[in-house]
Amino acid sequence: MRTGAIAVGVLLLVAACTVAFLVGGVHLSIADLVAGRGEEGQTARLLASLRAPRIGLAALVGGCLALAGAALQALLKNPLADPFLLGTSGGAAVGAAGAALLGLSPLLSPAAAFVGAAAASLGVALLARRGGRLDLQRLLLAGLIANAFFSALLLAAFSIASGEAARSMLFWMMGSLADATPRKVAALFPYALAGAAVLVAAAARLNLFSVGEENAAALGVDTERTKRIVFLASSLLTGVAVAFAGVIGFVGLLVPHAVRAAFGNDQRTLLPASFLVGATLVVAADAVARAAIAPVELPIGALTAALGAPVFAWLLLRTP
Amino acid sequence: MSVIARQPVLYAIASFSLLVGCRAERAKPADRRSVSSPHRVVALAPNLTEIVFALGAGDSLVGVSEYSDFPDAARRIARVGGLEVDAEKVAALRPDLVLAMAEGTARGAVSMLQAAGLPVAVVPSGSLDAVLSGIRLVGARLGRTEEAERLARDLERRRADVARRVAGRRRPRTLLLVWPDPPQAAGGGTFLNDLLREAGADNLVADRSGWPVLSPEYVATVPVELLVIPDSEQTREAYARAFRSGPLSRGPVTRARVVRLDESALTRPGPRVFDVLEKLAESLS
């Protein structure tokens, strides 16, 4: 089951990357890319050098968001948990945007986004606590509060910022992969790898959470420590994803559900497969964003939200 | 500095909210009020300020928008906000005429002023024809119909001269970027699209209406021959960065001819846009 699920995920991702490499507002000819001389060859190589890092960034961002969503869902035993809905993405965006407004180096924006994401997760968790446990309804309401607050901050910053700063606020609000570079992919990679490794290593312990925290503790799991690790690792993944691509919502909600429906709820399968399918989803969504109304691009955050909101509604109707 | 080129994103949002917001009420060319000409005028956009001065009524201005910096005399007039108009500040100036743009001026403030009973003239700007009829409309409201007619006729004559000069010339494939990164172009249905066409250029994004933000792939591969960009101290650094390492640093665009035009003249739909028309046509010959 496990290797099967991962093989399917890898296949999907490879297929999505291939298609995404070939489609877009401008036609990319593989023949020209491989053997092209003169202008055609130049154009093809130029396109490839623009598209490849963008696909890489899309895959990493999608993987991070989906994995963070899957881990949060397991930890909170709540199928509606998602970094976007719980306010984590908003906190990350405020952190990164605040750093940009203060004129801090772009190198620090992942750190600022992580701090924002962790603070948001912590605040939401505290708000949702009731008698020592996280209450499902309160959690969603707390996420709602956090999102309203963060979007208010971003909008306020947007209206006082001028010119270039206002443009970057829009980037944080709508999400964009348009300025992907190989350097950004390289900078995101270690964070993604570290966060993913921590969460996948915690998968077996997360499995025990599904039988209840007390039972998990009785089975020898240090539940408080696991909770903290999973919270921090998913905040890190969300934070870096937002720092490099702005807020792209609903990926962390959609993907784990799809994977669970296909492969069951074993976190050891679910977490890595969610990463792969999340990567696939964002790579595909970005290809649509590039190609649909070229030469203008759709904001990718709007695209995933248009896809995610109906699924969210459907989940809500199904949840008892 | 120009509102449009400095903040095209805000500009696009403003014009969008205008589209979905209240319907613009076009001012009637000459109603009772203009019998005695207004002497307390507020202009809510820099191009409107320029039109008022060009009609010789600069003395009547008591308030202007944030970026009104031309002619020099405009700098000394009280400011009433940029894209976000401060309606209370405008009202406090007790204007007997408020000039607003059909595109770009905050719609909410304009309807507030109208509801408060202030005489508001909404001036169109979406084409070169609209700029001319805007001048005539402002003239009528200022009680300077003859001056406006003379100015508009003069501009029309110069426009026709340009048309004669560029007739039959080969039209270079052109992009006019009002902002470099992300690259935002002047598309169809804008006065700058008219400007390009009439100056003898072929706007590559004429079939996209408004101010489209172009994808990096498109900008890197489109066979553009001429790049028209606004030039000002405030924008120079951003364009330099885009040419050095941004969207303008790769592909055919690096070999395109670059024509830099004074930002405030280029991006404001006022009388000076016809100077720019002549200049651009001249540099293409």
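These protein sequences, in sequence, are chains A and B.
One point on numbering: in my numbering, the residue at position 187 of the first sequence is 189, and numbering is uninterrupted.
One point on numbering: in my numbering, the residue at position 253 of the second sequence is 365, and numbering is uninterrupted.
Backbone N, C-alpha and C define an ideal beta-carbon position, used for all residues, glycine too.
Only a predicted model underlies this, so the values are computations on that prediction, with no experimental measurement involved.
Give the C-beta separation of B/L304 and B/R271 to the nearest angstrom, bearing in mind that I take them to be a contact with Cβ-Cβ under 8 angstroms.
With a Cβ gap of about 15 angstroms, B/L304 and B/R271 do not count as contacting.
Open item on the list: With H, G and I counted as helix, E and B as strand and the rest as coil, what does DSSP make of A/T183?
Closed with: coil
For B/Q296, the residue or residues it bridges with in DSSP
B/W291, B/V325
(message) I'd like to confirm the pairing. Which residues does DSSP put opposite A/N80 in its beta bridges?
(response) Note: A/N80 sits in no beta bridge, so no partner.
*Which ranges does the alpha helix (DSSP H) cover as unbroken runs of at least 4 residues, wholly within the region 84-143 of chain A, from first to last along the chain?*
90-103, 111-130
Cα-Cα separation between A/R132 and B/K201, rounded to whole angstroms
50 angstroms
### Query
Near A/A247, what residues of its chain come up, given a Cβ to Cβ distance below 6 angstroms and the 5 sequence neighbours on each side ignored?
V63, G177, L179
- Message: For B/N159, list the residues DSSP reports as bridge partners.
- Response: DSSP, once it has assigned bridges, lists no residue as partnering B/N159.
Tell me which residues of the region 287-301 of chain A have at least one Cβ-Cβ distance to chain B shorter than 8 angstroms, keeping chain order. R292, A296, P297, V298, E299
Chain B contact for A/T20 (CB, 8 angstroms cutoff):
no
Note to self: Can you pull the chain B neighbours of A/T45, defined as C-beta to C-beta under 9 angstroms?
What the structure shows: A332, T333, G363, P364
**OP:** Identify every residue that forms a DSSP beta bridge with B/T286.
**Re:** B/N315, B/L338
Closest by C-alpha distance to B/T366, when choosing among B/E337, B/R372, B/R282: B/E337
When the cut-off is 8 angstroms and only beta carbons count, does A/G248 lie next to chain B?
no
*Straight-line CA distance for B/L267 to B/L254?*
19 angstroms
Collapsed DSSP secondary structure at B/D343 in the structure displayed: strand
Margin query: Just to confirm, is the Cβ distance from A/T225 to A/A235 under 8 angstroms?
Written below: no
Give me, in chain order, the residues of the same chain whose beta-carbon lies closer than 6 angstroms to that of A/D137; leave out the 5 immediate sequence neighbours on both sides.
A130
Give me the DSSP bridge partner(s) of B/D208. DSSP output for B/D208 lists no bridge partner at all.
(message) For A/L317 and A/I147, what's the separation of their Cα atoms in angstroms?
(response) 21 angstroms
If you measure between the beta carbons of A/R270 and A/A206, is that distance less than 8 angstroms? yes
> Under 8 angstroms, do A/V249 and A/M175 count as touching if we go by C-beta distance?
Replying inline: yes
Margin query: Please state whether the Cβ-Cβ distance between A/P112 and A/Y193 is less than 8 angstroms.
Written below: yes
Task: Spatial distance of B/D387 from B/R277 (CA atoms) - done: 15 angstroms
Checklist entry - Does the beta carbon of B/S177 come closer than 8 angstroms to any beta carbon on chain A? => result no
Could one say the Cβ of A/G40 lies closer than 8 angstroms to chain B's Cβ atoms, at least one of them? no
In three-state terms, what does DSSP make of B/A233? strand
Considering Cα atoms alone, identify which of B/L173, B/R219, B/S361, B/S344 is closest to B/A186. B/L173
Using the C-alpha atoms, what's the distance from B/G363 back to A/L238? 37 angstroms
**OP:** Have a look at B/E196 and B/P292 and give me their C-alpha separation to the nearest angstrom.
**Re:** 24 angstroms
Query raised in the report: Relative to the C-alpha of B/G251, which residue among B/P342, B/A199, B/T161, B/Q296 is closest?
Result: B/T161
Which of helix, strand or coil DSSP assigns to B/G175: strand
key: Beta-carbon gap between B/D319 and B/G300 smaller than 8 angstroms   = yes
* **Span of the alpha helix (DSSP H), counted from its first residue to its last, around B/R372** => That residue, B/R372, is in no alpha helix (DSSP H); its beta strand (DSSP E) goes 369-374.
query: Hey, how far is the Cα of A/V28 from the Cα of A/A189?
result: 28 angstroms
>> I'd like to know whether the C-beta of B/E329 is nearer than 8 angstroms to at least one C-beta of chain A.
In response: yes
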